[in-house]
Structures are given as structure tokens and as C-alpha cells.
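Student:
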Amino acid sequence: EPEVTQTPSHQVTQMGQEVILRCVPISNHLYFYWYRQILGQKVEFLVSFYNNEISEKSEIFDDQFSVERPDGSNFTLKIRSTKLEDSAMYFCASSEAGQGIQPQHFGDGTRLSIL
Amino acid sequence: RKEVEQDPGPFNVPEGATVAFNCTYSNSASQSFFWYRQDCRKEPKLLMSVYSSGNEDGRFTAQLNRASQYISLLIRDSKLSDSATYLCVVTRTTGNQFYFGTGTSLTVIP
């Protein structure tokens, strides 16, 4: 069964540094997403991406964050000037269709620890 | 008011028991509904979509009540492997994002 893959599985970074989280969505999917889950809290939406542009973003996704699809397979989340409160599990997801109609398939996540 | 609300539990049930979870949503224009399960420190995995007429997948039955704005999940003949957190997910008619509940924790005891 095709799956979403994410790298690295765990990233430890000093506060103030930049991190790039990588994702390879399912190949025939057109919509891509990033979510985060702070330990003990619910999964929160960050951003959705379609046709090489952001289609929706949450209040969390401020100027500190950016997304990119640098080639035909990868989808990245960049976090600049990381803060302690950015420590969380970051999940990438993809779906065949948008508008929340189709299920989203999640990768196994990147655990980001900011020191 | 929260977009999606769930009883966090925990629910501790013996093997073979039947257990039901409810979830309420605040936006009457919500469009699609799903149940995901999440094992400890793992990714959410799709359990089932929830259709207006209700649907069943093996031991799992999902129901939607639009008038009362809640969805339910029934698990029959609980297995040890059903132990997980069950996440209620709702979408709106506009936008792509999933709105997650905080999840309901289930532990099935031998």
C-alpha cells in the first residue's frame, strides 16, 4: 500500500536555528498538508498546498514557516528561528482530492525537539 | 466553542466488550467526517469515513446525526489490538483542513 514518508524521524535543534522537514507524499495525490501535534494535545492544521501554492493556512502558520515543493516528489516545511514552543510532532499528509472530501493519509511524523 | 469535542476517557474495557464513543461538532456546515486511530506517539491512521446513512466495517460501526451534530463509533467484540486513541475528524464545506478532536483513549484489558 502506498504511503507518505517523512524524514528525519527525529530532529534536535538549538533554539534560533532553521530546520527543514521533508515529506514524500503518495505519488498520485494532488493535495499536501502539514499538521503538528504538541505532546499531549490534539493534532493541529498548519497548511495545505495544491498546484504549487498554498491553498489554506492556519493562524499558527505565520512568517516563521514556509512550504515548498522543490521537485516532483518532495514537499518540505521550513521553520526559521525556531523557538522552544515549536517542539512537537510534525505530520505530513496527502490526499487525492481537496475540500476535505477524501481521507488524508499521514506520514509517520518528524519529532522536532528544540533545545 | 471548540470545532470538535470528544470525551477524552480513558475507557478501560475487557476483551470482547462493546464500547461506543461520541463526538460533537460545532459547525452545522461541516461536510465530511472520519474516525482515525492513533497509537502512542504514532501518526493518525484512517479507521473509517462516516457516511450520512451510517456505515459498518467489520466490528466497527459509525453513525452520523446531523440534526444533533454528533458522530459515533461503536466497536464490538473488542480486541487487545483495539487499544489506541480514537480521533474524530470533521471538515467544512470550504477549505481543506481537517479539524481533529482531542481523542478518546481506549484500553482493552485481557
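Just so you know, the protein sequences line up as chains R and Z, in that order. In case it helps, the numbering used here puts the first sequence at residues 2 to 116. In case it helps, the numbering used here puts the second sequence at residues 395 to 504. We put the CB at the ideal spot given by N, CA and C, even for glycine.
With DSSP run on the structure shown, which of helix, strand or coil describes Z:L474?
Tutor: helix
Student: What span of residues does the beta strand (DSSP E) with Z:A414 cover, start to end?
Tutor: V413 to Y419
Student: Name the two residues that bound the continuous beta strand (DSSP E) containing Z:C434.
Tutor: No beta strand (DSSP E) contains Z:C434, which DSSP labels as neither H nor E.
Student: Select from the segment 463-493 of chain Z all residues with a C-beta closer than 9 Å to any C-beta belonging to chain R, and list them in chain order.
Tutor: Of all residues in the segment 463-493 of chain Z, the ones placed with a Cβ closer than 9 Å to any Cβ belonging to chain R are L481, V483, V484, T485, R486, T487, T488, G489, N490, Q491, F492 and Y493, in chain order.
Student: Helix, strand or coil for R:D72? Go by DSSP, reduced to three states.
Tutor: Annotated three-state conformation of R:D72 is coil, per DSSP.
Student: Any chance the segment 2-19 of chain R sits against the segment 76-88 of chain R, with 3 or more Cβ pairs inside 8 Å?
Tutor: yes
Student: So which of R:P104, R:Q100, R:D87 and R:I27 has the shortest CA-CA distance to R:F66?
Tutor: R:D87
Student: Can you list, in chain order, the residues of its chain whose CB lies under 6 Å from that of R:L22, leaving out five sequence neighbours each side?
Tutor: L78, Y91 and T111
Student: On the DSSP letters alone, give me the boundaries of the beta strand (DSSP E) that R:H11 sits inside.
Tutor: H11 to T14
Student: Z:S426 versus chain R: which residues are under 7 Å apart at the beta carbon?
Tutor: Those are G101 and I102, listed as they occur along chain R.
Student: Measure the CB-CB distance between Z:F427 and Z:V444 and report whether it falls below 8 Å.
Tutor: Yes. Within cutoff.
Student: Classify Z:D451 as helix, strand or coil using the three-state DSSP reduction.
Tutor: Strand at Z:D451.
Student: Could you name the residues of chain Z that R:Y1 contacts, counting a contact when the two beta carbons are closer than 9 Å?
Tutor: Nothing in the structure corresponds to residue 1 of chain R, since chain R is present only between 2 and 116.
Student: Indicate the three-state DSSP secondary structure (helix, strand or coil) for R:L85 in the structure shown.
Tutor: helix
Student: Whose Cβ in chain Z lies nearer than 9 Å to the Cβ of R:D109?
Tutor: K436 and E437
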